[in-house]
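Report on the structure given below.
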Amino acid sequence: MTTAAQLNTHQRWPASTVLAAGIALLAIAFIAGSARGAYAISPFQLWNVVLDALGLSGRTGAPTAEHLVFMSIRLPRLLLGVAAGAALGLSGALMQGLFRNPLADPGLIGVSSGAALAAGITIVLGSVWFPDLPRTLGSWTLVLTAFLGSLLVTLLVYTLSQQGGATRVGLMLLAGIAINALAGAGLGYLTFLASDEQLRSIQFWLLGSLGGARWSAVGLVSAIVAVAVFAGLKLAAPLNAIALGEAQAVLLGVRVERVKAFAVVVTALAVGAVTATTGMIGFVGLVAPHCVRLVAGPDHRVVLPGSALLGAALVLAADAVARTAVQPAELPLGVLTSFVGVPFFLLLLRHFRSRL
Numbered sequence: 024m025t026t027a028a029q030l031n032t033h034q035r036w037p038a039s040t041v042l043a044a045g046i047a048l049l050a051i052a053f054i055a056g057s058a059r060g061a062y063a064i065s066p067f068q069l070w071n072v073v074l075d076a077l078g079l080s081g082r083t084g085a086p087t088a089e090h091l092v093f094m095s096i097r098l099p100r101l102l103l104g105v106a107a108g109a110a111l112g113l114s115g116a117l118m119q120g121l122f123r124n125p126l127a128d129p130g131l132i133g134v135s136s137g138a139a140l141a142a143g144i145t146i147v148l149g150s151v152w153f154p155d156l157p158r159t160l161g162s163w164t165l166v167l168t169a170f171l172g173s174l175l176v177t178l179l180v181y182t183l184s185q186q187g188g189a190t191r192v193g194l195m196l197l198a199g200i201a202i203n204a205l206a207g208a209g210l211g212y213l214t215f216l217a218s219d220e221q222l223r224s225i226q227f228w229l230l231g232s233l234g235g236a237r238w239s240a241v242g243l244v245s246a247i248v249a250v251a252v253f254a255g256l257k258l259a260a261p262l263n264a265i266a267l268g269e270a271q272a273v274l275l276g277v278r279v280e281r282v283k284a285f286a287v288v289v290t291a292l293a294v295g296a297v298t299a300t301t302g303m304i305g306f307v308g309l310v311a312p313h314c315v316r317l318v319a320g321p322d323h324r325v326v327l328p329g330s331a332l333l334g335a336a337l338v339l340a341a342d343a344v345a346r347t348a349v350q351p352a353e354l355p356l357g358v359l360t361s362f363v364g365v366p367f368f369l370l371l372l373r374h375f376r377s378r379l
């Protein structure tokens with residue numbers, strides 16, 4: 024059967040063009056996100072803020088309002104958005120390459136649902152089960168428990184997918200679906216037990232937002248994502264070989280089981296760190312890799328970095344819209360990405376229905 028990649032061979036962009044376009048889109052989204060918000064900052068004011076931050080403006084005296092808004096509120100939010108989008112985009116490309124299915128995304132291995140369940144348990148039952156954690160970890164309690172929950176659930180899915188010392192991708196898919204359903208049931212039960220205040224906390228966390236960005240969290244998440252992206256890019260050649268089939272990849276010298284485990288670990292670390300900080304942001308990991316693949320073809324040497332760049336640009340653009348679409352309120356970021364992502368996902372289903 025003719026694949027989407029074969030249909031688009033004649034219009035593939037060169038790798039340099041794809042990456043340059045990704046960088047340009049990210050830069051545009053970053054500038055737009057810097058300017059838009061409840062307190063608008065013009066490009067001229069933004070330029071002055073940058074010069075002031077670099078000590079090149081020659082201005083003395085107290086910082087301007089634009090400087091305070093950008094450096095204290097908007098810049099950490101933008102950097103967290105870049106880290107989140109890059110992690111989701113790259114992880115989506117890794118999962119699509121691992122499953123050899125353009126409809127795969129990081130949620131299939133339970134990363135997001137594990138983080139959500141752990142966060143819900145901490146919010147509703149934390150004072151009973153872990154009364155000392157808030158005194159020990161302070162405001163990091165929810166972030167760390169959500170991160171650990173994402174890792175534990177991913178480990179469970181990966182363990183259930185083992186058969187005869189090998190990782191069965193089909194089993195991983197089925198285990199992920201089952202565990203995601205179980206986590207959803209657990210969250211439903213927690214919302215039943217929750218008080219009104221706890222319910223608001225759970226819902227706000229599940230809807231996703233960059234509004235809680237702070238410099239300490241940005242630094243930690245960005246470091247984890249940077250390591251994950253660097254490690255994930257090393258999988259480009261093995262994933263290209265696996266795309267030919269696992270048997271062929273073994274003949275080419277690829278350690279398929281090691282590649283599978285490494286891809287799952289990278290995805291769990293990157294998406295787990297992001298989800299624990301921002302809440303659940305859906306469909307970026309599905310949309311970004313497929314868009315890159317449509318214009319660049321299936322080569323993971325282009326798809327992986329291109330997906331990270333486009334994912335970051337998509338999250339920044341969505342956040343800029345979310346901050347201004349319903350002022351003075353803020354539209355949850357996860358809601359907006361789902362509004363855009365679901366129709367796109369349905370189009371993918373229609374396009375690939377003969378292969379499902």
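First residue of the sequence shown? That's 24 in the working numbering, and the numbers climb one at a time after it.
Ideal Cβ positions, reconstructed from N, Cα and C, are used throughout, including at glycine.
Residue i versus residue j - alpha carbon distance
i: I265; j: S184; result: 18 Å
i: W152; j: V363; result: 38 Å
i: Q186; j: I225; result: 36 Å
i: A352; j: I64; result: 19 Å
i: S114; j: G235; result: 23 Å
i: A38; j: R223; result: 45 Å
i: R59; j: V277; result: 47 Å
i: F170; j: L197; result: 23 Å
i: R237; j: V92; result: 13 Å
i: W70; j: P86; result: 14 Å
i: A50; j: G188; result: 45 Å
i: P261; j: V73; result: 41 Å
i: M195; j: G120; result: 14 Å
i: L370; j: A55; result: 28 Å
i: W163; j: G149; result: 13 Å
i: T347; j: V250; result: 33 Å
i: G45; j: F227; result: 31 Å
i: G193; j: L267; result: 17 Å
i: F43; j: D219; result: In the sequence as presented, Phe is not what sits at residue 43; that position holds Ala. The straight-line gap from Cα to Cα measures roughly 48 Å.
i: L77; j: S239; result: 21 Å
i: R373; j: R281; result: 34 Å
i: V365; j: D75; result: 42 Å
Beta-carbon proximity of residue i to residue j, cut-off 8 Å
i: A341; j: L359; result: yes
i: R35; j: G320; result: yes
i: L356; j: A345; result: yes
i: V297; j: A127; result: no
i: V287; j: Y181; result: yes
i: A138; j: S173; result: yes
i: M303; j: L256; result: no
i: G199; j: G133; result: yes
i: P125; j: H313; result: yes
i: A311; j: G112; result: yes
i: I202; j: L179; result: yes
i: Q350; j: A88; result: no
Cutoff 7 Å; reference residue i; Cβ partners in own chain excluding five residues on either side
i: V279; result: I265, E269, A272, V273
i: V41; result: V315, V318, A319, V325, G329
i: F53; result: L101, L339
i: F368; result: F306, L309
i: L210; result: A139, L140, G143
i: F285; result: L258
i: T177; result: I132, G133, V134, G137, V287, A291
i: S361; result: G305, F306
i: L275; result: A264
Best match in the options for proximity to residue i [C-alpha to C-alpha]
i: F253; options: V289, S173, V72, G364; result: V289
i: L117; options: L327, V349, Q350; result: L327
i: A110; options: L292, A138, Q350, Y62; result: L292
i: S57; options: A249, P125, R97; result: R97
i: F67; options: H90, A251, A299; result: H90
i: R191; options: L275, K283, A47, G120; result: K283
i: V248; options: R237, A331, D322, D219; result: A331
i: S245; options: A348, P99, L267; result: P99
i: G242; options: L196, L197, T300, L262; result: T300
i: S232; options: W70, V72, L354; result: L354
i: N382; options: L77, F122, I46, V73; result: What the structure shows of the chain is the stretch from 24 to 379, and residue 382 is not part of that stretch, so it cannot be assessed.
i: A204; options: G130, P366, F227; result: G130
Beta carbon proximity, residue i to chain C, threshold 8 Å
i: L103; result: Looking for chain C here will not work: only one protein chain is present.
Secondary structure of residue i, DSSP reduced to three states
i: Q350; result: coil
i: T190; result: strand
i: A28; result: For A28, the pLDDT reaches just 43, beneath the cut-off of 50, and the residue's location in the model is therefore unreliable, leaving the point undetermined.
i: F368; result: helix
Cβ-based neighbour list, residue i, same chain, cut-off 6 Å, excluding 5 preceding and 5 following
i: V147; result: L213, L216, A217, Q221
i: T145; result: L165, T168
Residue i Cβ short of 7 Å to the ligand GTP heavy atom set
i: L267; result: For the structure depicted, the ligand GTP is absent and the ligand set is empty, with no information on it obtainable.
Same chain, Cβ closer than 8 Å to residue i, neighbours up to 5 away in sequence not counted
i: L48; result: L332, L333, A336
i: S95; result: none
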